[in-house]
Structure formats: structure tokens, C-alpha cells
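Participant: Quick note: the sequence shown, position 62, residue 62 per the UniProt record's numbering, numbers continuous.
What follows is a structure written as C-alpha cells; I'll ask about it next.
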Amino acid sequence: MSETPPEGSSGGFTVHRRLHTSAKLVYAAFVEPRNLEQWFVVPGYHTPADRMRVDARPGGRLDAVMISDTDGTEIPFGFTYAELDPPHRVVLRFDEPRELVTVTLADAPDGDVDLTYEFVSWPGPADPDASRRGVDDMLDLIEAGIERGTIHGSSVAERTTASTSTGETQV
Numbered sequence: 001m002s003e004t005p006p007e008g009s010s011g012g013f014t015v016h017r018r019l020h021t022s023a024k025l026v027y028a029a030f031v032e033p034r035n036l037e038q039w040f041v042v043p044g045y046h047t048p049a050d051r052m053r054v055d056a057r058p059g060g061r062l063d064a065v066m067i068s069d070t071d072g073t074e075i076p077f078g079f080t081y082a083e084l085d086p087p088h089r090v091v092l093r094f095d096e097p098r099e100l101v102t103v104t105l106a107d108a109p110d111g112d113v114d115l116t117y118e119f120v121s122w123p124g125p126a127d128p129d130a131s132r133r134g135v136d137d138m139l140d141l142i143e144a145g146i147e148r149g150t151i152h153g154s155s156v157a158e159r160t161t162a163s164t165s166t167g168e169t170q171v
């Protein structure tokens, strides 16, 4: 099943990246709490893995909190894993604001992976340029984590392929 935004959606953009790693490792960045905490942040906040609940399976959820580095203000957020096709596709449906993110990972002939990040928001993001910069920043953090060796493959990513597993992880 393919998740599609409602008719009349706007405010979308697409980002392409070539990463010097495997699709399996990039996929794990989207489903493993210790990986997510490294990149799923906005400037001035952190998203600790021990404050995440991840159920990485189609229809499962991620519920987490971003915490301000200066005053400790907490911002809860969540999304549904609308579609998972390891290690080549992740579709995330965010609660508020209403957004749909589709990440497609394709093996490149040289052993790298081509990442396509499609973002749709409805009725549209308040500041499309800021949304694009935020996505670029997060993808930079994924790339940096891969280069440092702190983004790891995981059993969570492996379990999303098993139809009998819930894939649920709580750290």
C-alpha cells in the first residue's frame, strides 16, 4: 500500500543525496532510537532515545519529546510509520503539523546509496525555506553519524521485515 497526501496538498519539496554507505544503514537511521536521537532534532534541542517509544512496523508509531538545551522546555511529537519496505522505503505520517515524508533509498552502481526525501505538508508549511533547511540539517546529521560510525544497523531494522514481529522498541 502506498501512502498519499490528501487532494489539494501543497508545500512540498524533494531533496536528493548520495550517501557513501548502504541502504540498510540509512534505513536503520529511521527506525532505531539510538540513531534517531542523533539526527531527529532542531537547533537548540535534543531528542533523547530514552524518551522515545518506537514501534517500527507499518501502522506503528514513534512518540518522542524534543527538549530545549537552554531551559528544558519539552515539545512532544509523533508520527506513524505509514509504510516500511526495508531497506528501500520509509513513509512517515506526522500528526501536527500534518506532513507526509517519503524516504526512498536506491543502491547506486558504485556501492553508495541514493536517498530521495519527499516532503508534503498541508495546507503547506508556514515557512517552506525553513522546512527545507531543517531537512537539509537533519540529513547532514545522518551523514555525519554514518561518517563517525555512530549510526548503526540494528535488529529493529531487521525485525521490520518479519511479519510476526511487532518491531516495538523502547529504550
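Glycine is no exception: its CB is placed at the ideal position from the N, C-alpha and C atoms.
Just so it is clear, the structure is predicted and the values come from calculations on it, not from any experiment.
1. Does the Cβ-Cβ distance between F119 and F40 come in under 7 Å?
2. Checking 7 Å against the spacing of the C-beta atoms, do S121 and E99 come in under that value?
3. State the Cα-Cα distance for the pair G153 and V113, rounded to the nearest angstrom.
4. Secondary structure at A108, three-state DSSP: helix, strand or coil?
5. Would G60 and Y81 be called neighbours here (beta carbons separated by less than 7 Å)?
6. Would you please state the rounded distance, in angstroms, between the beta carbons of A23 and P128? I believe it to be under 8 Å.
7. How is the alpha helix (DSSP H) around G22 delimited, first residue to last?
8. What is the rounded straight-line gap between the Cα of R18 and the Cα of D85?
9. Name the DSSP beta bridge partners of residue 176, please?
Facilitator: With the given structure in hand:
1. no
2. yes
3. 15 Å
4. coil
5. yes
6. In fact, because the Cβ distance is near 28 Å, the residues do not count as touching under 8 Å.
7. At residue 22 the sequence reads Ser, which differs from the Gly that was named. Element bounds for S22: n/a, residue is neither H nor E.
8. 19 Å
9. Outside the displayed span of the chain (1 to 171) sits residue 176, for which this structure offers no information.
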